[in-house]
Structure formats: C-alpha cells, structure tokens
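*Asks:* Sharing a structure, written as structure tokens. Questions coming.
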Amino acid sequence: MSNEFVILAGTAVTIGFVHTILGPDHYLPFIVLSKARQWSSMKTAVITFLCGIGHVLSSVVLGFIGIFLGIAVFKLEAVESFRGELAAWLLIAFGVTYFIWGMHRAIRSRPHKHLHLHENGDDHLHSHKHTGGHSHVHDPKSGGLTPWILFIIFIFGPCEPLIPLVMYPAAKGSIINVVIVVSIFGLTTIVTMLFIVFASFYGLSNLSLRKFEKYSHALAGLTILLCGGAIKFLGL
C-alpha cells in the first residue's frame, strides 16, 4: 500500500467526518422526527442508516458514470451542485408542510368546552379534544410516508467531496482503490450520522419536554425548514 493511497484514505475519513458534522441535514431531521413521532431506537437507526446509504450511493453512481464516460470532474460537480439545490428546496418544502400539519394538530388537540342542553332544561359544559383516544403518533399506520420522504430527499442530496475522491484514483487507473476510498468515505459518513443521531436520541430521552409535547411535530417541521434554509442560503 503506497504512501499516496494511505494519504488518500486518511483524507476520505477526514472529509467524510467533517462533511457530515458541518451538514445539519445529515442528522437534525432524524433527531427531531424520532422525538416527535416517538420512533424506537431501532427504527431511528434503520431509517438513518438507509438514508445514509442512499445519500452516499447516489453520488457513487454518478461518480462511476463519470469514470466510464470520461466526464470531467467540474461537470460532475455541476450536476452535484444542481442536486444540492434540489435537495435543499425539497427539505424546505417538507419542513413547511410538516410545520403546518404540526400546528394544525396542536390546535386541534387543545382542550375546549361545549355547552350541552337537555330536554329537562338542564345544561352542562364538558371539555374534550379533537385528537386523542386511539389516535397516537406512534401508531404503525400513521407517519408511514415520512421515512420515504426523507429517503427520497437524501437520494437527491449530494456528497460533493466524494466526486474528486473517486476521480483521483480512477485517473491513476485503479478501480480497486476507487472502491476502497468510496467504502471508507461512506462508512465514515454513515457512522458519524448514527453517532450524532443516537447521542441526541438518548440525550433528549432524559429531558422532560411534556410542556412542548403537543407542539413536537410543529417544532420538528420548523427545524427541518431551518435546516433546508441553512443549506440553501448559508451553503452548509
């Protein structure tokens, strides 16, 4: 194993780690949605892992297409930039939609009173909510679309640093080194995502957020909206 390849592998680890840490879209959506939708630790891990796989593999496929077609790096980076724009807008749209739905749910769950009149002239007030009973956010039949939306967004979300990492060893004529570098970068990215998500998952589990529970979905949507906005307008 040459010193050049060792440096390249180390670069893949470093960039994969830093790229994930500095990209809030890699972990914030999973943290807030797992809390709002009361996902189990296993479900949170599976959804995070699959989205991470889709995120990395989409750029890998693009990189290999570039290798076999002889497309220049800057052209592939232009495609990745377009995908990044699209992913940011999708994240913003999802955040806005989820925030509106969450606020609607919070308002409907607010207790309020109704006056009931009886035939004998008596009347009484009773308090109730429009949500409750058997309607729970952790019901397996509810929220089934959310993980799929996240997965689609992550497929469109690019791994911009991966393209030059793939193209450099390819230019040296070593497909094996390309596979190794991609594997190192992908593993680092996904492990970092899982670590941050789980550290936050167990950290939040020890906090009492009962006062904000009815606004959990709205807050999740707002967080996702801000996350997409940070990517779009701040270049994170």
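So our numbering is basically just the index in the sequence shown, starting at one, shifted up by 15. Yeah, the Cβ is synthetic: ideal placement off N, Cα and C, and Gly gets one too. All of these numbers come straight from a predicted model, not from anything done at the bench.
What distance in whole Å lies between the Cβ atoms of H232 and W104, which are believed to be in contact at a cut-off of 8 Å?
*Replies:* The residue given as residue 104 occupies position 89 in the sequence shown. The residue given as residue 232 occupies position 217 in the sequence shown. About 21 Å separates the two Cβ atoms, so there is no contact after all.
*Asks:* Looking only at its chain, what residues have a beta carbon closer than 8 Å to the beta carbon of F171, apart from the 5 residues adjacent to it on each side?
*Replies:* Taking the first residue of the sequence shown as position 1, residue 171 is located at position 156. Annotation for F171: S73, R98, L101, A102, L105 place their beta carbon closer than 8 Å to its own, counting only its chain and skipping 5 residues before and after.
*Asks:* Using only the alpha-carbon positions, how far apart do G81 and H70 sit?
*Replies:* Numbered from its first residue, the sequence shown carries residue 81 at position 66. Numbered from its first residue, the sequence shown carries residue 70 at position 55. Cα-Cα distance, rounded: 17 Å.
*Asks:* Please check the pair A51 and V196, which I expect to be a contact at CB under 8 Å, by giving their CB distance rounded to whole angstroms.
*Replies:* Taking the first residue of the sequence shown as position 1, residue 51 is located at position 36. Taking the first residue of the sequence shown as position 1, residue 196 is located at position 181. That belief does not hold up - the Cβ atoms of A51 and V196 are roughly 37 Å apart, past 8 Å.
*Asks:* Looking at the unbroken alpha helix (DSSP H) that takes in H34, where does it start and where does it end?
*Replies:* For the purposes of this step, residue 34 is taken as the residue at position 19 of the sequence shown. H34 -> alpha helix (DSSP H) spans 18 to 36.
*Asks:* At what residues does the alpha helix (DSSP H) containing S56 begin and finish?
*Replies:* Walking along the sequence shown from the start, residue 56 turns up at place 41. Counting along the chain, the alpha helix (DSSP H) containing S56 begins and ends at 56 to 84.
*Asks:* Using three-state DSSP, classify G110 as helix, strand or coil.
*Replies:* Taking the sequence shown and counting its residues from 1, the one referred to as residue 110 is at position 95. Helix, per DSSP.
*Asks:* Leaving out five residues before and five after L240 in sequence, what residues of the same chain have Cβ atoms less than 7 Å from its Cβ?
*Replies:* Numbered from its first residue, the sequence shown carries residue 240 at position 225. Within the same chain, L240 has close Cβ partners I107, G110, V111, F114.
*Asks:* Looking at C-alpha atoms only, which residue of V193, P173, V212 is the closest neighbour of I246?
*Replies:* Translated into positions along the sequence shown, residue 246 becomes position 231. Put simply, of V193, P173, V212 the residue whose alpha carbon is nearest the alpha carbon of I246 is P173.
*Asks:* If I measure Cβ to Cβ from E92 and keep anything under 7 Å in the same chain, skipping five residues before and after, which residues do I get?
*Replies:* Locating residue 92 in the sequence shown gives position 77, where the first residue counts as 1. Excluding residues within five positions, the ones whose Cβ falls inside 7 Å are E175, I178.
*Asks:* Buried or exposed for S96, going by 16 or more other Cβ atoms inside 10 Å?
*Replies:* One-based indexing of the sequence shown puts residue 96 at position 81. S96 is exposed by the Cβ-count criterion.
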